[in-house]
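These notes are about the structure you will find just below.
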Amino acid sequence: VSEPATSSPGTTEAAPTAKSAKALAGEATRRRTFAVISHPDAGKSTLTEALALHAKMISEAGAVHGKAGRKSTVSDWMEMEKARGISVSSTALQFNYKSPETDPADEPNVINLVDTPGHSDFSEDTYRVLTAVDAAVMLIDAAKGLEPQTLKLFQVCRHRGIPVVTVINKWDRPGQSPLELLDEISNRIGLTPTPLYWPVGIAGDFRGLLRRGEDGAAQEYIRFTRTAGGAKIAPEEILDADAAAARDGDEWETAVEESELLSASGQDHDQEMFLAGQTSPVIFASAMLNFGVRQILDTLVTLAPAPGPRTDLKGQDRVVTDPFSAVVFKVQAGMDTAHRDRLAFMRIVSGVFERGMVVTHAQTGKPFTTKYAQTVFGRERSTVESAFPGDVVGLVNATALAPGHTLYTDKKVEFPPIPSFAPEHFSVLRAESASKYKQFRRAVEQLDSEGVVQILRNDLRGDASPVMAAVGPMQFEVVAARMKAEFSVEARMEGLPYQLARRTDAASEVELNRQRGVEVFTRSDGALLALVSDKWRLQYIQKEHPELTLEPLVATA
Ligand code: GDP
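Heads up: the sequence shown begins at 173 in our numbering, then just goes up one per residue.
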């Protein structure tokens, strides 16, 4: 583990200690922790890069007026990432952003962009990641509209009450009409879109954005200039209505009319409704051309919620100024051949985190030393010295930690576990060679505790051939690869002909096992699950035996 060259961007020179609750509250208030949810190819990587670059350019431009000789606190990860492409294992990117919309006297905001895995097979990971954020950006391709993965992830946000900002991307390319796209959002997911910026020019002819006021009236025209080679920041010209009409008459008129139509149907921003997850501010953008990128950042900073209290198992709120507490939301191992280890990522809920502090692991009651704390983005890692509510920190080789676990100091707290996704794929797992049985068992235990897959057992199959349950079959490949790499065990897998899992109980177990196409298992958390071959079989059993318990696992969809 290398020592840091510079401190992480969110770190201030004098970290507040427990005694300065005011400073701590201030650190929390200036943070925004969010994730981008999208279907593959909608432009998530392009947008991530554009947001970070925009913020970086702004802070560097600002640094000219700052202290001389002070190094930029933003690490050079961008250069590395550009060369390599942003990897699947990216976890959280942190950068400072000073919005022109905020008070010039205020400190810059700290943006934590938590990455979500792109492949739908890892939606269980994504679900966990979404427990660590306070808001989500739903990124939509202007030509494709809502796509399956976007829908699925949106349902998770709704289920968790996460406010959603909608970004319609690729407006530089031919696509649907803006009103059509909004209709699709309100009709298909029942979310009322309330555009903050309306496009001037149809998809494929992106001139700029009309900024809508509180009442939906046109405030100004932000006209973009396309630059050859793609400047990091799209040059903006701010025009009033008269100048806009003189400049882009027809396009401007259309935008004004459409914006008025929106107001007529009540599609104006309402902060309370947004926070309640009923409406979604909309921005049109081109991540590729850097059009609308500033507007996305400004929206997050001005409207998205700062880290707030989190309810614990007892129903009490842990507020940001309480002693340190954090929730583990993701465990990742073998991320990189250069760092052959296992990282547990926690989101800080309350208090100050300082590297080296000893915290308590709520699930075991054992002390845990946080000597190796890192931020990870792509393959870049840097050591974290201190962090605040909303921040994401990776703990190295924290084998006891699993998603949903709580860490705390001082006042004991335990947060509710993260509900697991309903698995749809099932496969028996066996060690290729009986002589490796011990390693095999250890590996199964480890991967189970990390939540890589869910492990199910029953007496019939015995301990030597547990069943893995997953949301997507790629999770099985991860198991096989890790067994081999970390435990030197070759594993054999054999798919099972079940498609559904339902929660059941001991009273139903015997009768269910008698049914064709059904098998009952105990999951490692003790839950009894009935695996069923298909939904027709399930319907049949439910009709024939209404007394049997067969409940859906999680109501995320
Ligand atoms: P991801 O799979 O969601 O991470 O999508 P990427 O960021 O990799 O983008 C997918 C493709 O869309 C790439 O070829 C990008 O260059 C392209 N793309 C992303 N944003 C835009 C945009 O605003 N306009 C256009 N024309 N292409 C874009």
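Cβ coordinates follow ideal geometry from the N, Cα and C atoms, glycine included. Computed from a prediction, not measured in an experiment: that's the story for all the values here.
Taking all protein chains in view, the Cβ of Q488 is surrounded by fewer than 16 other Cβ atoms within 10 Å, so the residue is classified as exposed. Of the candidates S192, F693, H717, G689, the residue whose Cα lies closest to the Cα of S705 is G689. Rounded to the nearest angstrom, the Cβ distance from I455 to T471 is 6 Å, consistent with a contact under 8 Å. Taking the Cα positions, F326 is about 37 Å away from T541.
A straight line joining the alpha-carbon of F612 with that of A574 spans about 19 Å. Apart from the 5 residues on each side of it in sequence, S621 sits with its Cβ closer than 6 Å to the Cβ of A574 in its chain, given in chain order.
One alpha carbon belongs to P453, the other to A375, and they sit about 19 Å apart. Here W708 is exposed: its Cβ has fewer than 16 other Cβ atoms, across all protein chains shown, within 10 Å. For D313, the uninterrupted beta strand (DSSP E) segment begins and ends at 307-313.
Relative to the ligand GDP, K538 has its C-beta separated by 7 Å or more from all heavy atoms. By the criterion of at least three beta-carbon pairs nearer than 8 Å, the segment 569-587 is in contact with the segment 512-525.
Contiguous beta strand (DSSP E) elements confined to the segment 359-434 occur at 364-367, 369-372, 380-384, 390-396, 408-411, taking only those with 3 or more residues.
Taking every protein chain shown into account, the CB of L461 has 16 or more other CB atoms within 10 angstroms, so this residue is buried. With contact defined as three or more Cβ pairs closer than 8 Å, the segment 676-692 and the segment 641-661 are not in contact. E432 and E352 have their C-alpha atoms some 15 Å from each other. If the five residues before and after H577 are omitted, its C-beta is found closer than 6 Å to the C-beta atoms of V500, Q535, all from its own chain and listed in chain order.
Taking 7 Å as the cut-off, one finds at least one heavy atom of the ligand GDP near enough to the beta carbon of S217. F659 carries a helical assignment under DSSP once its states are collapsed to helix, strand and coil. For M460, the shortest C-beta to heavy atom distance toward the ligand GDP is below 7 Å. Proximity of the beta carbon of P212 to the ligand GDP is indicated: a heavy atom of the ligand is located closer than 7 Å. Under the 10 Å beta carbon count, N359 is surrounded by fewer than 16 other beta carbons and is classified as exposed. T298 has its alpha-carbon roughly 25 Å from the corresponding atom of A702. Taking each of Y544, P561, V564, A308 in turn and checking the Cα distance to T555, the smallest one comes out for Y544.
Checking the 7 Å criterion, the Cβ of N341 is within range of a heavy atom belonging to the ligand GDP. Listed as beta-bridge partners of V337 by DSSP are V309. Exposed is the label assigned to E429, since fewer than 16 other Cβ atoms lie within 10 Å of its Cβ. The beta strand (DSSP E) runs of length 3 or more contained entirely in the segment 597-673 are, from start to end of the chain, 597-603, 626-629, 639-642, 663-667.
Rounded to the nearest angstrom, the gap between the Cα atoms of A307 and A603 is 43 Å. Excluding the 5 residues flanking it on each side, D414 has no same chain C-beta neighbour closer than 8 Å. Going by DSSP, T471 is part of the alpha helix (DSSP H) stretching over 465-475.
The beta strand (DSSP E) runs lying completely inside the segment 187-223 and spanning 3 residues or more are 203-210, given in chain order.
A Cβ-Cβ distance of about 17 Å is found for the pair T322 and V286, leaving them out of contact under the 8 Å criterion. For A641, the closest C-alpha among the options S696, S210, Y393, A406 is that of S696. With distances taken between CA atoms, A673 lies nearest to E691 out of F659, A679, S680, E691. In the three-state reduction of the DSSP assignment, I520 falls in the strand class. A distance below 6 Å between beta-carbons, with the five flanking residues on each side excluded, links K608 to the following residues of its chain, in chain order: V661.
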